[in-house]
Amino acid sequence: MDFDIKESMALFLQRLWQEHPGKCAGGLAGVLLGICILVFGFWNMLFILFLGTVGLFVGMNVDREGDTWQNIKDCIPRDIHRLR
């Protein structure tokens, strides 16, 4: 009886990913976030997540049709000076 643990683990993970992709992605993201918090610290990790969110926001606006800078300007509230 030839039992290959690597092959059975790969099949298990593949089936798990196909049946529950959201749970797998969420669990993996949680583990990676936890490791990053342990390595960098909470506030540094929060800053990294903030910059990643800003980068994602800018990237989504660059991918939209039309003028890139106009797309970004359209997403910024007109009364931004009131936030000071």
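Residues in the sequence shown are numbered from 2 upward in steps of one, following our numbering. Where is the CB? At the ideal position from N, CA and C, for every residue including glycine. These numbers come from a predicted model, not from an experiment.
In this structure, how does DSSP classify residue i when only helix, strand and coil are distinguished?
i, result
"D5", "coil"
"R79", "coil"
"G42", "coil"
"D68", "coil"
Pull up the distance between the alpha-carbon of residue i and that of residue j, whole angstroms please.
i, j, result
"G42", "L33", "13 Å"
"T54", "M10", "34 Å"
"E8", "L17", "14 Å"
Using a threshold of 7 Å, state whether the C-beta atoms of residue i and residue j are closer than that.
i, j, result
"R65", "N72", "yes"
"I38", "M46", "yes"
Are there 16 or more other CB atoms within 10 angstroms of the CB of residue i, so buried, or fewer, so exposed?
i, result
"I6", "exposed"
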